[in-house]
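Residue numbering for the sequence shown follows the numbering used here, beginning at -1 and increasing consecutively.
Structure first, then comments.
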Amino acid sequence: MERGFPGAGNQILHLDIHIDEHQPRTGILELLSRLRPHWKEQDIQMKTFTEGITNQLIGCFVGSVQEPGCVLVRLYGRMTELFVNRDREVEMFQVLHSHDCGPKIYCTFQNGICYEFVRGTVLEDKLLRQPSIYRLIAAEMGRIHSIQPKRGRPVEPLLWAKMSQFLTLVQTHVNSSSVHSFETLSMEMESLKRHLSQIDSPTVLCHNDLLTKNIIYNHKEGMVKFIDYEYADYNYQAFDIGNHFNEFAGVNDVNYSLYPSRELQRDWLTAYLESYKHSTGREVTVTEAEVTQLYIQVCKFSLASNYFWGLWAILQSYYSSIDFDFQRLVLKEAAPRSHENEKTKKHFCVVSIYAESVSDFTKALWQ
């Protein structure tokens, strides 16, 4: 698979330091002695950001966290190396930074990464529905989707390889007496692949995990930036968008009535297509037919998003040391969007997924 990007491949500083996730300050100070040698230890402040659900994120600064120079230290979650390609993540940092779409990476260390603080605040869930905000998000996604590989060879979407990896990990590492329906899970993945692979959705550079906690909003500058590139890679255009639409329902307090209406989706998609076309040097005019085509594709791929993160949540519920109810997240991803099904079933086959228990994740049927 082609992996070359303009801006990627520069040597990154690696420090042979392991930071204790329970008492991180000592290890972080050792990192900062290399990254910010002019900082005095007694002046250094640390702020733990609580938004993440798989990694610890700590901001290190002198004065204010919003001032230039703040360093973010991310400690990788327990066993996340099983399903996250850390080398690829570093490459994505470099690529996105080189296109002014992401922060600068400072260094890696044994169990984490250090990078530049993106000024602004984590986006609140309620702002996702505000037109001025969601159009910024759509435009930024269009910019990222337009980033081309160094050599213009065809590339394969991440979705099926990563989904197969997750399924294999569930089968290998999760107690078989707890998860009863491996065969059903596998059959459902093949059913999704058979159906969705027939859809002509472009393969583009995607974020693949665009929940609100991965969006930084700078009100003063009127802009948004995306953070956290653990799953960033080539993927289906419609998956990235459909995955983001699923996040309108929330993570902690899930409410699928908040799934974006058809009108909101079409307005969002119009802003996206305008940005995507502009960024790829094409005529910016967007037709109703183009919006409708993308809308249908996004509806279908949103189903794959629920399945994808359902498998991920099963793995996290067994391995993560972060204080988060991953079992409830499994149920969230498994819950059918019945209110949306009736409105969109004429466009696509609806996957109805239910969970008898957290461990017996799913038994899915095309309706």
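Glycine is no exception: its CB is placed at the ideal position from the N, C-alpha and C atoms.
Secondary structure remark: continuous beta strand (DSSP E) runs of at least 3 residues inside the stretch 15 to 69, in chain order: 43 to 47 and 54 to 59. Taking the Cβ atoms as the reference, Ala236 lies roughly 18 angstroms from Ser259, outside the contact range of under 8 angstroms. Distances from the alpha-carbon of Pro155 to those of Leu313, Arg34, Gln314 and Phe299 put Phe299 closest. In the displayed model, Leu94 falls within a helix according to three-state DSSP. One alpha carbon belongs to Cys204, the other to Leu80, and they sit about 21 angstroms apart. Boundaries for Val172: no alpha helix (DSSP H) harbours it, and the DSSP string shows neither H nor E there.
The residue among Gly61, Ile17, His97 and Pro66 with its C-alpha nearest the C-alpha of Tyr74 is Ile17. Counting along the chain, Glu188 sits inside the alpha helix (DSSP H) bounded by residues Phe180 to Leu194. In the assembly as shown, Asp251 is an exposed residue. Its beta-carbon has fewer than 16 other beta-carbons within 10 Å. In the same chain as Leu267, and ignoring 5 residues on each side of it, the C-beta atoms closer than 8 angstroms to its own belong to Ala136, Ile239, Val289, Leu292, Tyr293 and Val296, in chain order. For His20, the number of other beta carbons within 10 angstroms of its own is below 16, and it is reported as exposed.
Tyr270 and Leu208 have their alpha carbons spaced roughly 14 angstroms apart. Cβ atoms of Ile26 and Cys68 stay farther apart than 8 angstroms, at about 13 angstroms.
The alpha-carbon of Asn233 is positioned some 15 angstroms away from that of Val82.
In the displayed model, Tyr257 falls within coil according to three-state DSSP, outside both helix and strand. The C-alpha of His97 lies about 26 angstroms from the C-alpha of Leu13. Linking Gly61 to Leu29 through their CA atoms gives a straight-line distance of about 19 angstroms.
Looking at the DSSP output, Met221 bridges to Asn216. Just so you know, the alpha carbons of Val284 and Glu272 end up roughly 6 angstroms apart. Short of 6 angstroms from the beta carbon of Phe47, and not among the five residues preceding or following it, lie these beta carbons of its own chain, in chain order: Leu55. The C-alpha of Ala287 is placed about 11 angstroms away from the C-alpha of Arg264. For Arg133, same chain residues with a beta-carbon under 8 angstroms away, outside a window of 5 residues either side, are Asp265, Trp266 and Ala269 in chain order.
Ala302 sits close to Leu157, with the two beta carbons spaced by under 8 angstroms. If you draw a straight line from the Cα of Val282 to the Cα of Leu167, it comes to about 43 angstroms.
In the DSSP assignment, Cys99 is bridged to no other residue.
Here Asn244 is near Asn304, since their CB atoms are less than 8 angstroms apart. Apart from the 5 residues on each side of it in sequence, Phe91 sits with its Cβ closer than 7 angstroms to the Cβ of Gly100, Ile103, Tyr113 and Tyr227 in its chain, given in chain order. Annotation for Thr290: the continuous alpha helix (DSSP H) segment containing it runs Glu286 to Tyr317.
If you ignore the 5 residues before and after Glu87, its C-beta comes within less than 8 angstroms of the C-beta of Ile111, Tyr227, Glu228 and Ala230, all in its own chain and listed in chain order.
Taking all protein chains in view, the Cβ of Glu65 is surrounded by fewer than 16 other Cβ atoms within 10 Å, so the residue is classified as exposed. Annotation for Leu208: no alpha helix (DSSP H) segment contains it, and DSSP assigns it neither H nor E. Taking the Cβ atoms as the reference, Val116 lies roughly 5 angstroms from Lys223, within the contact range of under 8 angstroms. In the DSSP assignment, Asp231 falls within the beta strand (DSSP E) that extends over Asp231 to Tyr234. For Ile131, no beta strand (DSSP E) run applies; the uninterrupted alpha helix (DSSP H) run containing it begins and ends at Pro129 to His143, by DSSP. For Asn253, the number of other beta carbons within 10 angstroms of its own is below 16, and it is reported as exposed.
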